[in-house]
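Heads up: the structure comes next, in structure tokens.
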Amino acid sequence: MKVFESISHREIHSIFEEIGAYSPEEISLAKIKPDRRELDKIILGDILGLTEEEQIEVYKGVVDLVSSRLQKAKSVDGNKKSKEKIIEEKQVEQILNWIGKSELPKVWQKYDPAHNRKGRVITFSRYDENAHVTKTIFGWQIVCGKDKIDFKNKEEAELVLLFMLMGREKISLPPENPSINRDLTPTKKEYDRIHKILDDALDGIMDEKLKFRIRSLVWGNLLTVADKS
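When we follow our numbering, the leftmost residue of the sequence shown carries the number 6, and every step to the right adds one.
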């Protein structure tokens, strides 16, 4: 039959596009794709003996059923994501409780571009847990993926590296900063302490993306404590 040949040689779209309606109220026989309608007339009319009014009710029932199933699927998916988000937030909250009080937020304020607008702003294009400080002919350098950033002394490079490992994309170095040596030692000590807490807390999680999100959220929450206070 020509109608079978016609419909078998074209792309079959969603039920809504085939019928030309996204809700039962929009159903109209005139909106249905012609070859689809011809095929349905044979099945619903000639074989099952349904009138046009009864066929319209069938279309309404199909659209209503499919719409309900899609809404239910979206709701289940949304609930799943909400549960995952709640679990993630609880984990972050628990880790922050384990970390307790930290002096890092106060130190970070000195190097946060939002508070130190006159400093040299160092920008990292991406996070790299393997970033490191290396000696060069002219001084010191942070190698972070494809980024290579030069510094006049080792202390500056090491302090900036620590903040990058805390997830900071931009760090501002004050033009004159005699306290950098005093900031480096406690920052390194506190970073090591928190890093170990994170490692222990995330040890049982196999999902690397989830672990990265939790680390980022913990560091982000920790370093913004000073701004919220």
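Even glycine gets a Cβ: it sits at the ideal position worked out from N, Cα and C.
Quick caveat: nothing in here was measured; it's all calculated off a predicted structure.
Per DSSP, what kind of secondary structure is residue i in: helix, strand or coil?
{"i": "S234", "result": "Per-residue confidence for S234 stands at a pLDDT of 46, beneath the threshold of 50, marking its modelled position as unreliable; no derived number is given."}
{"i": "S177", "result": "strand"}
{"i": "S19", "result": "coil"}
{"i": "M169", "result": "helix"}
{"i": "L227", "result": "helix"}
{"i": "K38", "result": "coil"}
{"i": "G105", "result": "coil"}
{"i": "A119", "result": "coil"}
{"i": "Y132", "result": "coil"}
{"i": "I210", "result": "coil"}
For residue i, list the residues DSSP reports as bridge partners.
{"i": "I147", "result": "V138, I154"}
Residue range of the beta strand (DSSP E) that residue i falls in?
{"i": "T128", "result": "125-128"}
Between residue i and residue j, which are expected to be in contact by the criterion C-beta below 8 angstroms, what is the C-beta distance as a whole number of angstroms?
{"i": "Q146", "j": "A162", "result": "7 angstroms"}
{"i": "P118", "j": "S177", "result": "4 angstroms"}
{"i": "L203", "j": "R218", "result": "Not really, about 12 angstroms apart at Cβ, beyond 8 angstroms."}
What are the boundary residues of the alpha helix (DSSP H) that includes residue i?
{"i": "I199", "result": "185-207"}
{"i": "P29", "result": "Here P29 belongs to no alpha helix (DSSP H), and DSSP marks it neither H nor E."}
{"i": "K115", "result": "109-116"}
Count the CB pairs spanning the segment 89-98 and the segment 150-163 that are closer than 8 angstroms, and state whether there are at least three. no
Taking contact to mean 3 or more Cβ pairs, one atom from each stretch, closer than 8 angstroms, check whether the segment 173-192 and the segment 60-80 are in contact. no
Quick one: any contact between the segment 121-130 and the segment 188-208, if contact means 3 or more CB pairs under 8 angstroms? no
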